[in-house]
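J.:
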Amino acid sequence: MKTLLLLAIRNIGRNKRRSLLAIVSVAISLTVIVFAQGFIAGFVQSFVKNATKNDAGHVRVATKKFEERSRFYPVTYNISGPDSIIASIKRDPEVSSNIALVTSRISFGVLLSNNGNNRSAIALAGDPGKEKNLLYLQKSIVPPGRYLEGKRDIIMGSTLAQSLHYGIGDTVRVMTSGSDYALHLKKFVVRGLFATGLNVFDDMMFQIGIDDARDLLAMGKASQQIIIMLSDYKKADKVAERIRTIISDTSISVTPWTKIGDTFTTVELVSKIYGWIYVVIALLGAFIISNIMMMVVMERRKEIGVLKSMGFKRREILIMFLMEGMALGFVGSMVGSALGAGLVVFFHVHGIDLTSYMSRISIPLDNVIYTSLNVTNLVYAISLGTILSALVSIAPARQAANMNAVDAMKSV
Amino acid sequence: MNYIKFLILFFFASSSAFSISPDDILAAMDKNRDYNTVSYEGTMEIHIGGEVRSKTMKVIGVGTEKALVEFTNAQDKGTRYLKINKELWIYFPSEQDVVKISGHMLKEGMMGSDVSYEDALESDGLHKKYNASISGEELLDGHACYVLTLDAIVKDVPYYKRTMWVDKSLFIQWKEEMYAKSGALLKVSHVLEMQKIGSRHFPTKLEMVNMLRKDTKTVFTMADVAFDVKIDKSVFSLQSLQR
């Protein structure tokens, strides 16, 4: 086997131009694949991060009735003792070691009106201090505004405020149905306008303190949701399972982000689609190896005849040509992966600015995507390039292996 | 010949037993509500699941065009509703602010009850908005009733179709079913108690069930009902609402 490998490697060097062509073709494909993997990884990270921290967190604790109707943000199905549940969660060492943050939150829909202008909006109410590490809205406040500091403070998306003609210092009347189904009104003062660059935020959302929300919605000390953010979002299923064993109240549901909404389904679908796209790209790049190997076999008919007459078996001829194709693919894959990894690292630092495209869509994505390098993805890409190169070399290798030694030696 | 005359007389006599028209029935019902002014102490029990929330209020009204409701129970003390014709305002004492209820908000239940703001705003005679027909007669809880079917003839109605069980002698509506245009049953109301006050038969305890909500009903009781009392009409103003 070692001899065959050495022969294969030597044969690659016999026609440097042709070998370089094959290597470059595979390298281009692998560069594209590795960069795409890095971009998609960054895209998914941004999507999961924004979809979870702005909505349900990595794990959400809520009543079962709320989960059934969660897309309507109902305020009538609440957790009556959220503080004791949070304390129980924090006491468990297995759960607490994975938690980055846990907090109560209330989200509800409302129709805001001002001087004849009406807009649907969504209120996010939480502990302002904890929401700083969740929503990060304090980083997006447009000067001279400020973040929430006291009761009746409200911060609003800049686009939402503009459409309703609200400015800093203006009074906002929020009227909505509370947890008792009755209409309630509370007035707030605009302290800041935020411009996150996320249209789903800037165009629709406002933030108030959770105590103000509880007062407005006649909720007492209850909470609509308990949001848990983990240090690793991939552990959500496991942590949720553990939390379920801690909470004895059977009316409470503990749901990981993978089971909420369409985020996980979207991520899975994107990964699957791109998985197939990578295979196609690698196949296209490796296809040139098949053509080159066909030419090599035709050129070296006499040599094949000599090898066979020297005692090389059919299987050994097959393996030798397969190894040649595979070696070309492997070298091309390594070069392409290195180039692709270099691009991923560059854009990991500098980011890819999609601001002009994001203004037309409203999905929870950052305007700037930072690519992400992953060793597993690199190994996968190199393996894909190498294996596909071997696969496309099978046909020419079989042709060489099946040649009649006498006829091959007689050929010109 | 005598036999034929008898048959003709019998036929006309039978017809005249149903000769009361639907409009006559509606007019007789309206007469029970024909007063210059009214005042009463109201109690609204809102049943949601196993929970009961009780709200008390003082109500004064001028005909069916103007009404002022002030809540007196501790949780809602000072909350006021002002109705002037088809417009409704709410005064929130905690915010010292008045808001006009309009649009989709009108379909919300008053104080979380099964009685919507839209229900409370109904003032025009039903004959102006509905085409009524008598679909039969029934005995309901011991009361002989006409069964009236009302189909909307204008767009501006909260219920496209209504079925009413109207007492044949007292012209009180003991039961009503309210339907959407699709035919879906939206609400059912029952009069649980009735009093004769002066010449009027007036329902003093009603139950309203919102068929779109599970396990809920609202029971509204009126006490100390008085008609044609002296009322200072200046109270029916926005300025007065915010005092």
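One line per chain: the protein sequences are V and P, in this order. Heads up: the first sequence begins at 405 in our numbering, then just goes up one per residue. Heads up: the second sequence begins at 157 in our numbering, then just goes up one per residue. Using N, Cα and C, we set each Cβ at its ideal position, and we do this for glycine too.
Could you tell me whether the Cβ of Gly206(P) comes closer than 9 Å to any Cβ of chain V?
T.: By this cut-off, Gly206(P) is not an interface position.
J.: In whole angstroms, what is the alpha-carbon distance linking Phe476(V) and Gly736(V)?
T.: 53 Å
J.: Within 10 angstroms of the Cβ of Trp680(V), are there 16 or more other Cβ atoms? Answer buried if so, exposed if not.
T.: Flag for Trp680(V) reads exposed.
J.: Taking just the CA atoms, how far does Asn771(V) sit from Thr759(V)?
T.: 5 Å
J.: Is there a Cβ from chain P that is less than 9 Å from the Cβ of His588(V)?
T.: It does: the Cβ of His588(V) has a partner Cβ on chain P nearer than 9 Å.
J.: What separation, rounded to the nearest whole angstrom, lies between the Cα atoms of Phe168(P) and Ser175(P)?
T.: With a pLDDT of only 43 at Phe168(P), under the threshold of 50, the placement of this residue in the model should not be trusted; the figure read from the coordinates follows. Their backbone Cα atoms lie some 10 Å apart in a straight line.
J.: According to DSSP, which residues form a beta bridge with Gly530(V)?
T.: Residue pairing for Gly530(V): DSSP places it in a beta bridge opposite Arg509(V) and Gly613(V).
J.: Is Ile240(P) near the ligand NAD, with its Cβ less than 8 Å from a heavy atom?
T.: You won't find the ligand NAD in this model; it holds no ligand whatsoever.
J.: Exposed or buried, which one is Leu621(V) when buried takes at least 16 other CB atoms within 10 Å?
T.: Buried, since its Cβ has 16 or more Cβ neighbours within 10 Å.
J.: Specify the secondary structure class of Phe697(V) as computed by DSSP and reduced to three states.
T.: Looking at the sequence shown, residue 697(V) is not Phe but Met. Of the three classes helix, strand and coil, the one that applies to Met697(V) here is helix, per DSSP.
J.: Looking at the secondary structure, which residues open and close the beta strand (DSSP E) in which Asp770(V) lies?
T.: No beta strand (DSSP E) contains Asp770(V), which DSSP labels as neither H nor E.
J.: Counting only Cβ pairs nearer than 7 Å, list the residues of chain V close to Glu251(P).
T.: Correct list: Leu589, Lys590 and Lys591.
J.: Measuring CB to CB, does Ile651(V) end up less than 9 Å from Val658(V)?
T.: yes
J.: If Phe392(P) sits next to Ile246(P), beta carbons under 8 Å apart, how far is it from one beta carbon to the other, in whole angstroms?
T.: Actually they do not touch by this definition, with Cβ atoms about 15 Å apart.
J.: In angstroms, rounded to a whole number, what distance separates the CA positions of Phe592(V) and Gly461(V)?
T.: 27 Å
J.: Could you please tell me which residues of the segment 172-203 of chain P, in chain order, have their CB closer than 9 Å to any CB of chain V?
T.: Ile202
J.: Keeping to the same chain, check which residues put their C-beta closer than 8 Å to that of Asp619(V); ignore five residues upstream and five downstream.
T.: Lys590
J.: Output needed for Ala230(P): all residues of its chain with C-beta closer than 6 Å, excluding positions within five of it in sequence on either side, in chain order.
T.: none
J.: To which residues of the same chain is Asn287(P) closer than 6 Å at the C-beta, ignoring the five residues directly before and after it?
T.: A distance below 6 Å between beta-carbons, with the five flanking residues on each side excluded, links Asn287(P) to the following residues of its chain, in chain order: Asp307 and Ile309.
J.: What are the complete alpha helix (DSSP H) segments, minimum 4 residues, inside the segment 728-803 of chain V?
T.: Within the segment 728-803 of chain V, the complete alpha helix (DSSP H) runs of at least 4 residues are 759-762 and 779-796.
J.: Below 8 Å on C-beta distance, what does Met623(V) contact in chain P?
T.: The contacting residues do not exist; Met623(V) stays about 13 Å from chain P at best.
J.: Helix or strand or just coil, what does DSSP make of Ser390(P)?
T.: helix
J.: Cβ atoms of Gly234(P) and Phe227(P): under 9 Å apart, would you say?
T.: yes
J.: Looking at the structure shown, is Ala586(V) part of a helix, part of a strand, or coil, going by DSSP?
T.: coil
J.: Any beta carbon of chain P sitting closer than 9 Å to that of Gly582(V)?
T.: yes
J.: Please report how far the alpha carbon of Leu348(P) lies from the alpha carbon of Ser517(V), in whole angstroms.
T.: 40 Å
J.: Rounded to the nearest angstrom, what separates Arg236(P) and Pro249(P) at their Cα positions?
T.: 8 Å
J.: If you draw a straight line from the C-alpha of Leu262(P) to the C-alpha of Leu539(V), how long is it?
T.: 35 Å
J.: Within 10 angstroms of the Cβ of Asp557(V), are there 16 or more other Cβ atoms? Answer buried if so, exposed if not.
T.: buried
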